[in-house]
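For the sequence shown, counting from 1, position 102 maps to 144 in the numbering used here; every step adds exactly one. Quick reminder that beta carbons are idealized off the backbone N, C-alpha and C, glycines included. A quick note: this is a predicted structure, and the numbers were derived from the prediction, not measured.
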Amino acid sequence: MTNRLAHSNSLYLRKHAENPIDWWYWCDEALETARRENKPIFLSIGYSSCHWCTVMEGEAFSDWTIADYMNTYFLPIKVDREERPDLDSIYMQAVQLITGQGGWPLNVFVAPDDLVPFYGGTYFPVDPRYGRPGFLQVLQTVRNYYDTQPEKLQAIKGEILSSLHGAATLQATRSPGADILQNGLEYNTGILSAKTPGPSFPMIPYADVALRSRRFTHGSRYDARALSQQRGLVLSLGGIFDHVGGGFHRYTVDPTWTVPHFEKMLYDNGQIVEYLANLWADGVPEPAFERAIVLTVQWLQREMTAPEGYFYAAQDADSFINPTAAEPEEGAFYVWDYAQLTELLMPADLADLAEQFTVTQAGNFEGHNVLQRRHPGKLTNALELTLSKLFLLRYGAPADALPTFSPARNSQEAKSTGWAGRIPPVTDTKMIVAWNSLMISGLARAASVFQQPHYLDLAANAARFILQHQWVDDRFHRVNYDGKPAVLAQSEDYALFIKALLDLHQASVSLHSAPDSHPPHAFWLDRAVQVQAEFDEFLWSIELGGYYNTAARNDLLLRERSYADNATPAANGVAVANLVRLSLLSEDLSHLDKAEQTLQSFASVIEQSPQACPSLVAGLDWFHNHILIRTGQTQLTALATQYLPAAVYMMPTELPEGVVGLVCQGLSCREPAHSQAQFQAQIQASQNRA
């Protein structure tokens, strides 16, 4: 017997369709029912590839005793955070205020009359363990508190609501100056130097700031060059990277970057590809960086690209060992048994593999081996051949004979399809604009740095799909399910897609041999201007400055303007950089005005808590140090392979005779450069003038 979620578009919601809990999805009818029956709302938020979400679905949410109590005394609502990041952001902040930490599954108890949260947590086991109470006990305690302590309940709600409103209504102050920029660069570079005992995350917004900081070396406590390079090495050498099939996992559970949480998220991979390309461009030509990019693009094209050109959202951490297995196992698709390796490989090949990778009889993950490289540098042809044998074992075909790999869209497909190799993890095949945009940007940057037109082609195909399919009644939409757009776009969709369009424009300008199928580079700039106009119309805050997460709607506790980075960069930080770039490329200074207003609106955060907002710090760098470079095709191609983090490029119709290029900074231009040396000196001096 199924519940209301059975017909949802969301894979995550459908995973809960067989639960005995009488789940609702988030809608006006659910909220009104909770108010009418005076039932506190149990709001549970997660996503399809979340391991602990899957665990709780199979445990607490499948327990009939818990379901009976839940259905009687609460109104349970399930939300896919990938559809509604606005809801997730509000209630995640509340749980962090209540417990001091957050994560998914996010489980929150919400008052039905005003939607204010009053208690919450993450994973709750069925029975007390891991230092956590049993879920039924939690439900009973919360319901008793709701019924018998109304005054205390109101006081707690008041404190939480006050804190949430304070964060949402920051007032504008003066524009942050160069001193605030230097402080922000320093703080965020320092984040990468922290040694923590727990999990290791890519943290690309921080790594990006550290890479930017390499231009500013005077008086810094941190070696930004070493820290940014080290982040690239642990990503491309560590177990977080799939050295056989390509693609990056979401994080590792340890501080040594060895054992990953095995889900692969599109948003991580897009950011990491862009970061590694920028590291290479900044003079760190580490072969492991290029190999990681090449294999990730191959994984993207093989397993994550729809026939229509867009990119799928994510792959699960868990997969089935065989078709008769009752439950999937974490990492089963990716790990290697030593006995299996001894059967597959010759002794010399296995010894070579063990010399370069973490391969032992005991293993490093529950008796299995996660491959982690021991050394940087280029792998030998013999070792690449050995890794290709592991690919063949996993996929059942050689990499060059498997250009595409149809996804398993649910557990039933995973178990019933006759796979030639291992049973793959389930793939969430929805299209999310923000996440596609991050990958488009990564591909565009890698296309320029490595002069790879194929990367640009993949990026352009995805962007064209979004442009052609994600507008309904002249409004931009966030997700797409098998050709059907859904959910109005949020600020991160606008900001990241505008960035992607600008990155496509810059790659098209600079790539020496762009594919003939591409539109002229001006096409991408024109579309970026159009999407920015819609962003301004619906989400710009006239009163406060900056961009709201969503358009005004009745089912939200408040309208946030997100500025804090998490696994993805915050929309307002990305928007500042976009606006500065648009002002240079379109010569429309109203964009620069909005960039300044946005920085003013978040100035107190940038100054007092720069570690919370590395993307705003990067935007501040763009605001103070932006340059426009006008030069010919040959020069543009060469410049695109360099790391110039606050520069945009244009190809003029013609340059004055004898002029190599023009460098404009702020609202003024340097004298025309008549030599290559003068041109490069102007560019370098302009990049850190603040």
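Would you say residue 406 and residue 472 are within 8 angstroms of each other, going by their C-beta atoms? Within the sequence shown, the letter at position 364 stands for residue 406. Within the sequence shown, the letter at position 430 stands for residue 472. Cβ distance not < 8 angstroms, so residue 406 and residue 472 don't count as in contact.
Measure the Cβ-Cβ separation of residue 247 and residue 604 and say whether it is below 8 angstroms. Here residue 247 is taken as the residue at index 205 of the sequence shown, counted from 1. Here residue 604 is taken as the residue at index 562 of the sequence shown, counted from 1. Result no, Cβ atoms of residue 247 and residue 604 do not sit closer than 8 angstroms.
Please state if the CB of residue 688 and the CB of residue 669 are separated by a distance shorter than 8 angstroms. Here residue 669 refers to the residue found at position 627 when the sequence shown is read from its first residue. Here residue 688 refers to the residue found at position 646 when the sequence shown is read from its first residue. The answer is yes: Cβ separation under 8 angstroms.
Does the Cβ of residue 106 have 16 or more other Cβ atoms within 10 Å, making it buried, or fewer, making it exposed? As a position in the sequence shown, residue 106 is number 64, starting the count at 1. Counting Cβ neighbours within 10 Å, residue 106 comes out exposed, since fewer than 16 surround it.
Would you grab the beta carbon distance between residue 432 and residue 440 for me? Rounded to a whole angstrom, and I think it's under 8 angstroms. Against the sequence shown, residue 432 aligns to sequence position 390. Against the sequence shown, residue 440 aligns to sequence position 398. Not quite, the Cβ-Cβ distance comes to about 11 angstroms (not below 8 angstroms), so this is no contact.
Does the distance from the C-beta atom of residue 119 to that of residue 85 stay below 8 angstroms? Start at 1 with the first residue of the sequence shown, and residue 119 comes out as number 77. Start at 1 with the first residue of the sequence shown, and residue 85 comes out as number 43. Yes, the pair counts as a contact, with Cβ atoms nearer than the cut-off.
Can you tell me the Cα-Cα spacing of residue 293 and residue 270, whole angstroms? Translated into the one-based positions of the sequence shown, residue 293 becomes position 251. Translated into the one-based positions of the sequence shown, residue 270 becomes position 228. Going by the C-alpha atoms only, they are around 17 angstroms apart.
Ignore the nearest five residues each way along the sequence and tell me which others in residue 304's own chain have a CB closer than 7 angstroms to its CB. Numbered from 1 along the sequence shown, position 262 holds the residue referred to as residue 304. For residue 304, where only same-chain residues beyond five positions count, the Cβ hits under 7 angstroms are 291, 359, 372, 373, 376.
Own chain residues within Cβ distance below 7 angstroms of residue 331, not counting five before or after: Residue numbering aside, residue 331 sits at position 289 when the sequence shown is read from its first letter. So the list reads 274, 278, 318, 321, 322, once near-sequence residues are dropped.
In terms of DSSP beta bridges, what is residue 360 paired with? To locate residue 360, count along the sequence shown from 1; it is residue 318. For residue 360, which the question treats as bridged, DSSP gives the partners 372.
Endpoints, alpha helix (DSSP H) assigned at residue 155: For this step, residue 155 is matched to residue 113 along the sequence shown. No alpha helix (DSSP H) contains residue 155, which DSSP labels as neither H nor E.
Quick one: give me the first and last residue of the alpha helix (DSSP H) that residue 377 is part of. Here residue 377 is taken as the residue at index 335 of the sequence shown, counted from 1. Unbroken run through residue 377: none, as it is neither H nor E.
So residue 68 packs on residue 535, CB below 8 angstroms; how close in whole Å? Here residue 68 corresponds to residue number 26 of the sequence shown, with the count starting at 1. Here residue 535 corresponds to residue number 493 of the sequence shown, with the count starting at 1. Not quite, the Cβ-Cβ distance comes to about 18 angstroms (not below 8 angstroms), so this is no contact.
Closest by CA to residue 481, which one among 326, 334, 152, 310? Here residue 481 refers to the residue found at position 439 when the sequence shown is read from its first residue. Considering only alpha carbons, the answer is 310.
Collapsed DSSP secondary structure at residue 706 in the structure displayed: Walking along the sequence shown from the start, residue 706 turns up at place 664. In the structure shown, residue 706 sits in a strand (DSSP, three-state: E or B).
Taking the C-alpha atoms as reference points, what is the distance between residue 444 and residue 354? Numbered from 1 along the sequence shown, position 402 holds the residue referred to as residue 444. Numbered from 1 along the sequence shown, position 312 holds the residue referred to as residue 354. Their Cα atoms are separated by approximately 18 angstroms.
Output needed for residue 108: all residues of its chain with C-beta closer than 8 angstroms, excluding positions within five of it in sequence on either side, in chain order. The residue you call residue 108 lines up with position 66 of the sequence shown. 63, 102, 168, 177, 178, 181.
Pick helix, strand or coil for residue 654, following the three-state DSSP scheme. The sequence position of residue 654 within the sequence shown is 612, counting from 1. Looking at residue 654 - three-state DSSP - the assignment turns out to be helix.
Local conformation of residue 465 per DSSP, three classes: Numbered from 1 along the sequence shown, position 423 holds the residue referred to as residue 465. Reduced to three states, the DSSP call for residue 465 is coil.
Kindly indicate the opening and closing residues of the beta strand (DSSP E) around residue 518. Within the sequence shown, the letter at position 476 stands for residue 518. Element bounds for residue 518: 517-523.
Could you pull out every residue in the same chain whose Cβ sits closer than 7 angstroms to the Cβ of residue 199, ignoring the five residues on either side in sequence? As a working note, residue 199 is residue 157 in the sequence shown. For residue 199, where only same-chain residues beyond five positions count, the Cβ hits under 7 angstroms are 153, 158, 160.
Mapping DSSP to helix, strand and coil, what is residue 11? For the chain, the structure presents residues 43 to 732; residue 11 sits outside this window and is missing.
So, with DSSP's three-state summary, where would you put residue 130? Locating residue 130 in the sequence shown gives position 88, counting from the first residue. Helix.
Straight-line gap, residue 546 to residue 268 (C-alpha atoms, nearest Å): In the sequence shown, residue 546 corresponds to position 504, counting from 1. In the sequence shown, residue 268 corresponds to position 226, counting from 1. Taking the straight line from one Cα to the other gives about 30 angstroms.
Which residues does DSSP list as the beta-bridge partners of residue 294? One-based indexing of the sequence shown puts residue 294 at position 252. In DSSP, residue 294 forms a bridge with 242, 302.
Buried or exposed: which applies to residue 718, given that a residue is buried once 16 or more other Cβ atoms fall within 10 Å of its Cβ? Position 676 of the sequence shown, counted from the start, is the residue given in the question as residue 718. By the 10 Å Cβ count, residue 718 comes out exposed.
Report, in whole angstroms, the separation of the C-beta atoms of residue 244 and residue 313, which I expect to be a contact under 8 angstroms. Locating residue 244 in the sequence shown gives position 202, counting from the first residue. Locating residue 313 in the sequence shown gives position 271, counting from the first residue. With a Cβ gap of about 7 angstroms, residue 244 and residue 313 count as contacting.
Alpha helix (DSSP H) segment containing residue 584, residue limits: Locating residue 584 in the sequence shown gives position 542, where the first residue counts as 1. Per DSSP, residue 584 belongs to no alpha helix (DSSP H) and is neither H nor E.
Would you check whether the ligand PLP has a heavy atom nearer than 7 angstroms to the C-beta of residue 701? Annotation note on the ligand PLP: not contained in the displayed structure, which lists no ligands.
Taking only runs that begin and end inside the stretch 388-412, name each unbroken alpha helix (DSSP H) of 4 or more residues, in chain order. 389-398
Please classify residue 100: does DSSP put it in a helix, a strand, or coil? Counting from one through the sequence shown, the residue named residue 100 turns up at place 58. Helix at residue 100.
In terms of DSSP beta bridges, what is residue 52 paired with? In the sequence shown, counting from the first residue as 1, residue 52 sits at position 10. Residue 52 is not bridged to any residue.
Going by alpha carbons, who is nearest to residue 587 out of 425, 197, 217, 123? Mapped onto the sequence shown, residue 587 falls at position 545. For residue 587, the nearest C-alpha among the options comes from 217.
Taking only three categories from DSSP, how would you classify residue 84? Taking the sequence shown and counting its residues from 1, the one referred to as residue 84 is at position 42. DSSP places residue 84 in strand when its eight states are reduced to three.
Assuming contact is defined by CB atoms lying nearer than 8 angstroms, are residue 266 and residue 252 in contact in what I supplied? On the sequence shown, position 224 is the one that residue 266 refers to. On the sequence shown, position 210 is the one that residue 252 refers to. Yes, Cβ-Cβ distance for residue 266 and residue 252 is below 8 angstroms.
Would you kindly work out how many angstroms separate the C-alpha atoms of residue 654 and residue 696, rounded to a whole number? Within the sequence shown, the letter at position 612 stands for residue 654. Within the sequence shown, the letter at position 654 stands for residue 696. Rounded to the nearest angstrom, the two C-alpha atoms are 44 angstroms apart.
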